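K.L.:
Sharing a structure below in structure tokens format, with a few things to ask.
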Amino acid sequence: MKRMNLKYLIPIAALLLLSTAPRAEAQLIPLLGGQRAGISSLQFLKIGGSSRAAGMGESFIAVADDASALQYNPAGMVQFDGHEAIFTHTSWLVDLQHEFVGAVYRLTPEDAVGLSFTSLHTEDMEIRTETQPFGTGRYFSYGDVAIGLSYARQLTAQFSFGATVRYVEETIDVLKTRAFMVDLGTYYWTGLGSTRFSVAVSNFGNNVSPEGTVDLAHGESVSSFQEFSPPTTFRIGFAFEPVKDDYNRITTSIQLNHPNDNSENLALGAEYAWNHLFFVRAGYKLNVDEEGLTVGAGINAPLGFARVGVDYAFADFDRLGGVHRITVRMGL
68 MKRMNLKYLI PIAALLLLST APRAEAQLIP LLGGQRAGIS SLQFLKIGGS SRAAGMGESF
128 IAVADDASAL QYNPAGMVQF DGHEAIFTHT SWLVDLQHEF VGAVYRLTPE DAVGLSFTSL
188 HTEDMEIRTE TQPFGTGRYF SYGDVAIGLS YARQLTAQFS FGATVRYVEE TIDVLKTRAF
248 MVDLGTYYWT GLGSTRFSVA VSNFGNNVSP EGTVDLAHGE SVSSFQEFSP PTTFRIGFAF
308 EPVKDDYNRI TTSIQLNHPN DNSENLALGA EYAWNHLFFV RAGYKLNVDE EGLTVGAGIN
368 APLGFARVGV DYAFADFDRL GGVHRITVRM GL
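All the letters of the sequence shown, read from the start, carry residue numbers 68 to 399 under our numbering.
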């Protein structure tokens, strides 16, 4: 019997161990969602802005080799050649629309900068009160925006780091919540085949509270509101290619997520690529309410002067329905 190459032994053993997680999920992962739920604000920052990442169950920080690294792991901005832009539209739950736009520019072979814009919005809604349940004739708006500036540097052939500073604003009628957040990420090639390891912290910042004055039905006004923490998440990810040749590539990844407002959870993802042109993806999330299976596909269309790609992903949210994403990528 042919001996297995040692560089694949550790990743395969880890994946086999994790295959037992669905049967022992309650024992392996603390169920702390009930204690933590509802303690953070600015929830739109959790919504992914990449169909490729979503198709892989958002087990992505150790992959992150395109412009979507702006959101998932800024250290990934130096894991691909050239410049790249990304545009993603997501039909989110309850008729919300989510947009993500980003661009990465390579300053040098070791340095890259990026700019990103995120929004979550809905149509104006009519105001209803206890005494006017069919509407007052007035409307209010809801919307979130975030603008991020990112930088990444490859320090050695194996290790890279990146950081993002993001301005965030949430508007609910006359109330506004403003804040600055920081993302930090690392990317490390272990030297064992294609295995790499990443650690990232997203949405780190001070507590926030709305600003503005709300007039209540009985003539009272409220201008002081409770503070909440941002949705900070600590992630550890691992990825490798068990199959890679001139025409076929399979990328597998596993990621442990530690949010400050819910239970720890695991994400598993895989991507098959044929000839760098066609892609099929699948992912699964463990210990996440209403979330589980994700699937996706993509195509690249080299045009000579540019690289253009289109990706699609579907995420099943069980009783809440499904979420569709579409992404257009352009590179030079």
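Just so you know, even glycine gets a beta-carbon here, dropped at the ideal spot from N, CA and C. All values reported here derive from a predicted model rather than from experimental measurement.
Just mark Arg386 as buried or exposed, buried being the case when its beta carbon has 16 or more other beta carbons within 10 Å.
P.N.:
To locate residue 386, count along the sequence shown from 1; it is residue 319. The residue in question, Arg386, is exposed, as its Cβ has fewer than 16 Cβ neighbours within 10 Å.
K.L.:
Rounded to whole angstroms, what is the Cα-Cα separation between Gly210 and Phe184?
P.N.:
Along the sequence shown, one-based indexing puts residue 210 at 143. Along the sequence shown, one-based indexing puts residue 184 at 117. Looking at the two C-alpha atoms, the distance is approximately 13 Å.
K.L.:
From Val395 to Ala136, what distance separates their C-alpha atoms?
P.N.:
In the sequence shown, residue 395 corresponds to position 328, counting from 1. In the sequence shown, residue 136 corresponds to position 69, counting from 1. Looking at the two C-alpha atoms, the distance is approximately 15 Å.
K.L.:
Consult DSSP for Gly122 and reduce its assignment to one of helix, strand or coil.
P.N.:
Within the sequence shown, numbered from 1, the residue matching residue 122 stands at position 55. Of the three classes helix, strand and coil, the one that applies to Gly122 here is helix, per DSSP.
K.L.:
In this structure, what does DSSP give as the bridge partners for Pro369?
P.N.:
Taking the first residue of the sequence shown as position 1, residue 369 is located at position 302. Beta-bridge pairing links Pro369 to Arg374.
K.L.:
Quick one: is Ile128 buried, meaning 16 or more other Cβ sit within 10 Å of its Cβ, or exposed?
P.N.:
The count along the sequence shown starts at 1 and reaches residue 128 at position 61. Ile128 comes out buried.
K.L.:
Kindly list the residues whose CB is nearer than 6 Å to the CB of Val268, restricted to its own chain and excluding five residues on each side of it in sequence; keep chain order.
P.N.:
The sequence position of residue 268 within the sequence shown is 201, counting from 1. Within the same chain, Val268 has close Cβ partners Leu251 and Phe301.
K.L.:
Starting from Gln138, trace the beta strand (DSSP E) both ways and give me its first and last residue.
P.N.:
Counting from one through the sequence shown, the residue named residue 138 turns up at place 71. No beta strand (DSSP E) holds Gln138; the alpha helix (DSSP H) holding it covers Ala136 to Tyr139.
K.L.:
Should the segment 333-349 be called in touch with the segment 357-366, which here means at least 3 C-beta pairs below 8 Å?
P.N.:
Judged by Cβ distances under 8 Å, the segment 333-349 makes contact with the segment 357-366, as three or more pairs qualify.
K.L.:
Output needed for Gln138: all residues of its chain with C-beta closer than 6 Å, excluding positions within five of it in sequence on either side, in chain order.
P.N.:
The residue labelled residue 138 in the question sits at position 71 within the sequence shown. Gly116.
K.L.:
Does DSSP put Arg386 in a helix, in a strand, or in coil?
P.N.:
What you label residue 386 is simply residue 319 of the sequence shown in a count that begins at 1. Residue state, collapsed to three classes: helix.
K.L.:
Tell me whether the beta-carbon of Val266 lies closer than 7 Å to the beta-carbon of Ile303.
P.N.:
What you label residue 266 is simply residue 199 of the sequence shown in a count that begins at 1. What you label residue 303 is simply residue 236 of the sequence shown in a count that begins at 1. Yes, Cβ-Cβ distance for Val266 and Ile303 is below 7 Å.
K.L.:
In whole angstroms, give me the CA-to-CA distance for Arg392 and Ser296.
P.N.:
Counting from 1 along the sequence shown, the entry for residue 392 is found at position 325. Counting from 1 along the sequence shown, the entry for residue 296 is found at position 229. Distance between the alpha carbons of Arg392 and Ser296 is about 28 Å.
K.L.:
On the CB-based measure, 16 or more other CB atoms within 10 Å of its CB, does Asp148 come out buried or exposed?
P.N.:
In the sequence shown, counting from the first residue as 1, residue 148 sits at position 81. Exposed, by the Cβ-count rule.
K.L.:
Taking His165 and Leu182 to be in contact with their CB atoms under 8 Å, please state how far apart those CB atoms are, rounded to whole angstroms.
P.N.:
Translated into positions along the sequence shown, residue 165 becomes position 98. Translated into positions along the sequence shown, residue 182 becomes position 115. In fact, because the Cβ distance is near 18 Å, the residues do not count as touching under 8 Å.
K.L.:
How would you call Thr198, buried or exposed, if buried means at least 16 neighbouring beta carbons within 10 angstroms?
P.N.:
Walking along the sequence shown from the start, residue 198 turns up at place 131. The residue in question, Thr198, is exposed, as its Cβ has fewer than 16 Cβ neighbours within 10 Å.
K.L.:
Could you please give the first and the last residue of the uninterrupted beta strand (DSSP E) stretch that includes Val268?
P.N.:
Here residue 268 refers to the residue found at position 201 of the sequence shown. Val268 -> beta strand (DSSP E) spans Arg263 to Phe271.
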